[in-house]
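The structure appears right after this line, and notes come after that.
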Amino acid sequence: MNKLFYFCGIIALTIISCSESNRGSVKEKDALQAYDSVLIGCDQGFSRNLTSVYWVLNKNGIVKKNIEPILVSDEDKDTVTTIRIGGDSCRRIKELAEGMFVKGTVKDVVAVRDRNFCTDLGGLYVYVYYPGKTVRHEYEWGKTGVRYSSEFNELMKLIEVF
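Take 0 as the starting number for the sequence shown in numbering that gives the first Met the number 0 and just add one per residue.
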């Protein structure tokens with residue numbers, strides 16, 4: 000009787016684990032199909048430049064770098080300079096951003112050693128736009144004990160943050 004009970008339990012756990020793993024892959028696929036775009040920008044903190052740079056990654060593979068002056072006069076209507084990125088760097092930026100911020104399959108933070116914090120160093124903000132909602136990720140450069148993954152550092156180099 001006990002063997003039959005254990006055998007039924009093992010079969011039930013196997014069925015549950017298989018259905019859970021299938022559910023996760025469907026969610027990842029749905030997340031990729033449902034998101035509209037990703038916006039990545041830098042908050043420069045106390046040492047502010049005269050321009051603001053942010054990146055827009057569309058679901059269809061278009062990656063654009065936008066440069067906008069911070070001080071704009073009333074006469075300047077459209078002062079945003081848009082540069083379309085192509086080639087291997089475009090593909091890699093999209094791949095890393097989707098993996099980190101949409102699918103969640105690529106790590107961004109590897110370790111947090113301490114909670115020391117230095118103010119006014121700025122940071123990075125990421126908005127993932129879905130129909131009807133927006134998800135925000137935020138990274139503050141003043142957190143000195145944070146160790147970022149090699150993929151996160153690669154993305155920062157590609158979008159010229161580091």
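For each residue, glycine too, the CB sits at the ideal point set by N, CA and C.
Host alpha helix (DSSP H) of G86 (start-end): Here the question's residue 86 lines up with position 87 in the sequence shown. Its alpha helix (DSSP H) spans residues G86 to A96.
Proximity winner among G86, L70, Y129 and T143, relative to F100 (alpha-carbon distances): Counted from its first residue, the sequence shown places residue 100 at position 101. When each option's Cα is compared against that of F100, the closest is Y129.
Whether Y147 touches R135 by CB criterion (8 Å): One-based indexing of the sequence shown puts residue 147 at position 148. One-based indexing of the sequence shown puts residue 135 at position 136. The answer is no: Cβ separation not under 8 Å.
Assumed close pair N57, S36 - CB separation to whole angstroms, cut-off 8 Å: Residue 57 sits at position 58 when you count from the first residue of the sequence shown. Residue 36 sits at position 37 when you count from the first residue of the sequence shown. Yes, N57 and S36 are in contact; Cβ-Cβ is about 5 Å, under 8 Å.
Helix, strand or coil at S148 according to DSSP, with G and I counted as helix: Mapped onto the sequence shown, residue 148 falls at position 149. The answer is coil: DSSP assigns S148 none of H, G, I, E or B.
A110 classed as buried or exposed, judged by whether at least 16 other C-beta atoms fall within 10 angstroms: Translated into the one-based positions of the sequence shown, residue 110 becomes position 111. By the neighbour-count rule (16 or more Cβ atoms within 10 Å), A110 is not buried but exposed.
Identified DSSP bridge partners for D42: Stepping through the sequence shown from its first residue, residue 42 is reached at position 43. Per DSSP, G122.
Cut-off 6 Å between Cβ atoms - residues of its own chain near V105, not counting five sequence neighbours on either side: Position 106 of the sequence shown, counting from 1, holds the residue named residue 105. Excluding residues within five positions, the ones whose Cβ falls inside 6 Å are G98, M99 and E150.
Those residues which DSSP pairs with I158 across a bridge: Numbered from its first residue, the sequence shown carries residue 158 at position 159. Under the DSSP definition of a beta bridge, I158 lacks any partner.
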